[in-house]
Amino acid sequence: MKDKKVVIITGASSGIGKSTALYLNEKGYTVYALARRKEKLEELLPFGIKIIPCDVTKLESSKQAIDEIYHKEGRIDVLFNNAGFGLYGPIELVKLSDARYQFEVNLFGLVQMTNLVVPIMRNQGHGRIINTSSIGGKVASLLGGWYHASKFALEGLSDSLRIELKQFGIKVILIEPGLIQTEFMGVTFDLAQQLETDSPYQSLFEKVKRDAKRDYFDKKVGSDPIVVAKKVYKAIQSKHPKTRYSMGRLSKIALISKKILPDKVMDYILLKR
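Per my numbering, the very first residue in the sequence shown carries number -2; after that it's consecutive.
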């Protein structure tokens, strides 16, 4: 079975990562699902998916996972960097320690995993690194400053990485989901609720909660995570993959609006919508 392509997925215990692990497993790939929550990962075992508990922010944990996979399989064809979370709240009020951790997970942990697989892929002469960014890496939303900062940074980093690794036959691809029905927004708002309520930003926060309930929690807008899984599969299968794939509801509208509308008009829409 060594001829089967080996795919590593971080953040695979739920949402996009879990859906992609199941989908690629059905397509015949050897899938390694990585995440911190072992009990959630174990839900994938009945499907024949291999699991490894891993914290991408810790070098020892990441290195052990990659070493174990390479020792067993002798190859790593795809790294899907999907681990991440959203830290929401006014930039002024979010603790810098929390903001730094946002970057540790969404950016530096991703780079750490990437740096561990690049030598392997370089020796193979091929490989694909697929990074989960977001429409939020192109368009800002209310109270998402630190999350957007991490995703804007990932967009630029991935562009540079794509150029650097092309000479080794390694392709770097960005996945840019719009609104997807996962645990992401619930976790995000649990974090935001911890911020002080007696603040100058309370009215803004109440608006964001109303908008989220209307568009997300009532399931009027968010797409099923399978739409992302299918794009990841396409990015793996394509001989000449795009550098970016966007998907999910509101993604195209957001990108087109950002391109054609002045910044102040976009600000007005966000505040008055």
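The beta-carbon is built from N, C-alpha and C at its ideal position, and this holds for glycine as well.
When the Cα atoms are used, what is the spatial distance from Ser196 to Ile233?
For Ser196 and Ile233, the distance between alpha carbons rounds to 47 Å.
For Gly141, collect the residues of the same chain with a Cβ closer than 6 Å to its Cβ; drop the 5 residues on either side in sequence, then sort them by chain order.
Taken in chain order, the residues that qualify are Tyr85.
Return yes when the Cβ of Lys37 is within less than 8 Å of the Cβ of Ser11, no when it is not.
Lys37 is positioned such that its CB atom lies closer than 8 Å to that of Ser11.
Just list the alpha helix (DSSP H) runs in the segment 123 to 189, keeping only unbroken ones of 4 residues or longer that don't cross its boundaries, in chain order.
Whole alpha helix (DSSP H) segments, 4+ residues: 142 to 162.
On the criterion of 16 or more Cβ atoms from any shown chain inside 10 Å, does Gln199 qualify as buried, or is it exposed?
Its Cβ having fewer than 16 others within 10 Å, Gln199 is exposed.
Report the rounded CA-to-CA distance for Gly175 versus Leu162, giving the unit in angstroms.
For Gly175 and Leu162, the distance between alpha carbons rounds to 27 Å.
So what's Ser235 in DSSP terms, helix, strand or just coil?
In the structure shown, Ser235 adopts coil according to DSSP, grouped into three states.
With DSSP run on the structure shown, which of helix, strand or coil describes Asn275?
One cannot answer for residue 275 here, as it falls past the ends of the chain, which runs -2 to 270.
In chain order, what residues of the same chain lie with their CB nearer than 6 Å to the CB of His145, ignoring the 5 residues before and after it?
The beta carbon of His145 lies closer than 6 Å to those of Gly133 and Ala137 in the same chain, with the five residues before and after it left out.
Compute the Euclidean distance between the alpha carbons of Met263 and Met244, then round it to the nearest angstrom.
C-alpha separation (whole angstroms): 21 Å.
So, His119 versus Phe44, is the Cβ gap smaller than 8 Å?
A quick correction: the sequence has Arg, not His, at residue 119. Not closer than 8 Å, so no.
Give me whichever residues DSSP pairs with Asn78 in a beta bridge.
Beta-bridge pairing links Asn78 to Asn128.
Buried or exposed: which applies to Leu93, given that a residue is buried once 16 or more other Cβ atoms fall within 10 Å of its Cβ?
By the 10 Å Cβ count, Leu93 comes out exposed.
Leaving out five residues on either side along the sequence, give the residues of the same chain with a beta carbon under 6 Å from the beta carbon of Ile167.
Sequence-distant Cβ neighbours of Ile167 in its own chain, meaning closer than 6 Å and more than five residues away, are Met118 and Gly124.
Going by DSSP in three states, Met(-2) sits in which element: helix, strand or coil?
Residue placement at Met(-2) is poorly supported in this model, since its pLDDT is 45, which falls under 50; the coordinates still yield a value, given next. Residue state, collapsed to three classes: coil.
Could you have a look at Thr54 and say whether DSSP puts it in helix, strand or coil?
In this structure, Thr54 counts as coil in the three-state DSSP scheme.
If contacts are defined as beta-carbon pairs under 8 Å, then Val28 and Ile73 qualify, I think. What distance do you get, rounded to the angstrom?
Going by Cβ atoms, the distance from Val28 to Ile73 rounds to 12 Å, so no, they are not a contact pair.
Measuring only the C-alpha atoms, how far is Ser16 from Arg97?
Cα to Cα, the separation comes out at about 28 Å.
Whose CA, out of Ile126, Glu23 and Leu56, lies closest to the CA of Asn346?
What is shown of the chain runs -2 to 270, which leaves residue 346 out entirely.
Distance, Cα to Cα, Ala18 vs Ile257?
Going from the Cα of Ala18 to the Cα of Ile257 covers about 36 Å.
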